[in-house]
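In this note's numbering, the protein residues as written are 23 to 149.
Cβ coordinates follow ideal geometry from the N, Cα and C atoms, glycine included.
Notes follow once the structure below has been shown.
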Amino acid sequence: MANYELSITTIKILEMVYELNQKDYYPNMHGVLKLVNGKIDEETAKFINFKTFSTLTSIKGRQLANHVHQLVRYGYLSYKHNKADDRMYLYITFKGESNLEDYKKHHKVNFKKREKMKAKPTIALIK
């Protein structure tokens, strides 16, 4: 199998799943998307202090899905079945954890929280 090189985006995705798994939470792809995009709702409010929260505000669903599928394909992430709702959720594998730790030892990863761009007005009242 070809070697898959981790990018800063995939490192942030792995770190998000790792942080959640450490607290016994397992996200699906939509959960990861909401967290890295910085969407705050009743489900994500308890995770706003994670260092990867709101760090990939410009990534879209399909882009994230492509990254997650590659991480699963190459063994960095895997799926865990939840019997309560009969759905699959992501967890980081041993390979994912060790590569994440190796990457962080040799590279400085900036988990700077991004602010979503505020919508500029398109219609203005001028008197």
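Query                                                                                                                                                 : Result
Rounded to whole angstroms, what is the Cα-Cα separation between residue 33 and residue 69?                                                           : 18 Å
Considering only C-alpha positions, which residue in the set 53, 149, 122, 45 is nearest to residue 82?                                               : 53
Going by other Cβ atoms of all chains shown within 10 Å of its Cβ, with 16 needed for buried, is residue 121 buried or exposed?                       : buried
For residue 97 and residue 75, which I take to be in contact (beta-carbon distance under 8 Å), what is that distance rounded to the nearest angstrom? : About 26 Å; that fails the 8 Å criterion.
Can you tell which of 41, 116, 129, 95 has its C-alpha closest to the C-alpha of residue 71?                                                          : 41
Does residue 89 pass the burial test, meaning 16 or more other C-beta atoms within 10 Å, or should it be called exposed?                              : buried
Can you tell me which of 116, 128, 131, 108 puts its alpha carbon nearest to the alpha carbon of residue 99?                                          : 116
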